[in-house]
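Quick note: to get the working numbering, add 4 to the position in the sequence shown (first position is 1).
The beta carbon of each residue, even a glycine, is placed where N, CA and C say it ideally should be.
The structure under discussion appears below in the form of C-alpha cells.
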Amino acid sequence: MAFNITSGPTATAQKVVLYGVEGIGKSTFASQFPSPIFIDTEGSTSNMNVNRMDKPTSWQMLIDEVNYIKQTQMCDTLVLDTADWAETLANQAVIASDINAQSIEDFGYGKGYTMVKEKFGKLLNLLSELTEVGINVVVTAHADIKKFEKPDETGAFDRYQLKLSKQCAPLLKEWADMLLFANYETTIVTDSKTKSKKATGGQRVMFTTHHPAWDAKNRHGLPDKLPFEFGAIAHIFQKQTTPPVQTQPPVEQTQQEQVTAATTVETPQENNFGREPNVIDPAIPKELAQLMSVNEVTEEEIRRLVAEKGFRPYEMPVKDYPDDLIQGGLVAQWDKIFTEIKAKRAY
Numbered sequence: 005m006a007f008n009i010t011s012g013p014t015a016t017a018q019k020v021v022l023y024g025v026e027g028i029g030k031s032t033f034a035s036q037f038p039s040p041i042f043i044d045t046e047g048s049t050s051n052m053n054v055n056r057m058d059k060p061t062s063w064q065m066l067i068d069e070v071n072y073i074k075q076t077q078m079c080d081t082l083v084l085d086t087a088d089w090a091e092t093l094a095n096q097a098v099i100a101s102d103i104n105a106q107s108i109e110d111f112g113y114g115k116g117y118t119m120v121k122e123k124f125g126k127l128l129n130l131l132s133e134l135t136e137v138g139i140n141v142v143v144t145a146h147a148d149i150k151k152f153e154k155p156d157e158t159g160a161f162d163r164y165q166l167k168l169s170k171q172c173a174p175l176l177k178e179w180a181d182m183l184l185f186a187n188y189e190t191t192i193v194t195d196s197k198t199k200s201k202k203a204t205g206g207q208r209v210m211f212t213t214h215h216p217a218w219d220a221k222n223r224h225g226l227p228d229k230l231p232f233e234f235g236a237i238a239h240i241f242q243k244q245t246t247p248p249v250q251t252q253p254p255v256e257q258t259q260q261e262q263v264t265a266a267t268t269v270e271t272p273q274e275n276n277f278g279r280e281p282n283v284i285d286p287a288i289p290k291e292l293a294q295l296m297s298v299n300e301v302t303e304e305e306i307r308r309l310v311a312e313k314g315f316r317p318y319e320m321p322v323k324d325y326p327d328d329l330i331q332g333g334l335v336a337q338w339d340k341i342f343t344e345i346k347a348k349r350a351y
C-alpha cells in the first residue's frame, strides 16, 4: 500500500468567523471577500449592494440554500449573516418538532439544547463541505459582554464572546480557521495640567489572537491587532487564485473547448414531470410556501400526502391547516415530507 506525502502550505478555501460590537460594519466587511453571496438571516444587508439569497424563514430553508450553493458553486464566498439568528431558526425547528413544546426549556433535562447543538453542528459540517469544493465561508455573529472572574485572581472584567448559546458557541469557534473580533479602540488621555482623563479615538480595529477579554485566533501568523479593513487580510485569499505548478505541458485546447470553458454554468432546472407551473396560494404560511416554491412542490401534492396520513381531508386547502400541522408536521419534517412526495411522482 502506497500513500502520497505532501509538504508545505496548501491553498484552501477558508472558514472565517467574524464577530463584533453592534454597528461596527461586519456585513460591509464580509461583502469585500471574493465574489460573495449572502444568506441574510436578519435583513442586515437590505441597504447594501450585494448578491443575496431569499431570507430563510425556517431551518430547513437555510439548509436548502447552503446545499444549493454547494451544488451550483455559483460564488467564491458564502456569507452566513448571522450565526445567532441561524441558531434561532434551529431553536424554532426543535420546538416545532414537538406539538407539546412551547419553548426549548419544555424538553427537560437540557434535551432541547442538545437537539439544537446537533442541528447547528450539522450546519457547520455542511459549510465545511463548501470549503472542500473551493468556496470560502464567512459566518458573522454579534458580540455579547459577560462579566468574567478568574478563580486564581482578584477582581472581575468584561469579556466579549459570541452571542450564541453555551452549546453552540464552542462548536463555531473550533470550526473556524480564523476567528476575528472587531471593536472600537479607545485611548484614555490624561491632561498633564488638570490630571483629568478623557476617551479619544474610536478607530475600528480587529483582533486576531486570543486575549483574556475576547476570543480570537488565526492560522496565518497575523499581527495581534489590525485595522478593520479587508485589505489587512486580503493576501490570504489571493493565495487561492495562484495557479498550481504544472509538471507536464498543458494540452492545447481547441477553440471550441476554450469557448466552453468560459461559458457560465447554467443553474440546473427542475423536471416538472408534466405538471403545470407551480402557483402557490399566498395565504399559505411563508415558512411552508418558501419550501414548496424552492422544491417545486404543489399544494395538491401536500394535500394528497396529508390525507393519506389521515391528518386532514384531501379537500381541505393547505391555508386552513392548523399551525401545529404546518410548523411541526410539515416545515419541521420537510426532509421526510419532500422525500415521500418525490417517491410518489411518476418519473
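- The count of Cβ pairs closer than 8 Å, one atom from the region 64 to 84 and one from the region 107 to 117, stays below three, leaving the stretches out of contact.
- Here T144 really is in contact with V83; their C-beta atoms are around 7 Å apart, less than 8 Å.
- In the three-state scheme derived from DSSP, where H, G and I count as helix and E and B as strand, Y188 is classed as strand.
- DSSP places D88 in the uninterrupted alpha helix (DSSP H) bounded by 87 to 100.
- Per DSSP, A145 is one residue of the beta strand (DSSP E) stretching across 140 to 152.
- Going by C-alpha positions, K340 is about 14 Å away from M65.
- Counted as a single uninterrupted DSSP element, the alpha helix (DSSP H) harbouring V120 occupies residues 115 to 136.
- Taking C-beta atoms under 8 Å as the contact rule, P231 and V209 qualify, at a distance of about 6 Å.
- A residue is called buried when at least 16 other Cβ atoms come within 10 angstroms of its Cβ; F152 does not meet this threshold and is exposed.
- The Cβ atoms of V120 and L131 do not sit closer than 7 Å to each other.
- Bounds of any beta strand (DSSP E) do not take in R307; it lies within the alpha helix (DSSP H) bounded by 303 to 312.
- K123 is the residue among C79, K150, K123 whose C-alpha sits nearest the C-alpha of V98.
- By the C-beta density criterion, M182 is buried, having at least 16 other C-beta atoms within 10 angstroms.
- Within the model, the alpha-carbon separation for V335 versus T45 is close to 17 Å.
- For a cut-off of 8 Å, the C-beta gap from S48 to D85 is around 6 Å, short enough to register as a contact.
- With contacts defined as CB atoms closer than 7 Å, V310 and R316 qualify as a contacting pair.
- For P174, the enclosing alpha helix (DSSP H) starts and ends at 173 to 179.
- The shortest C-alpha to C-alpha distance from D162 to any of A173, P216, D88 is the one to P216.
- Membership of D162 in the beta strand (DSSP E) is indicated by the continuous run 161 to 166.
- In this chain, the alpha helix (DSSP H) harbouring Y72 covers 63 to 76.
- Counted as a single uninterrupted DSSP element, the stretch harbouring V298 is not any beta strand (DSSP E) but the alpha helix (DSSP H) occupying residues 290 to 298.
- Look at I41 here: in three-state DSSP terms it is strand.
- The shortest C-alpha to C-alpha distance from T61 to any of M320, E304, S297 is the one to S297.
- Separation of R307 and K59 (C-alpha to C-alpha, rounded to the nearest whole angstrom) is 26 Å.
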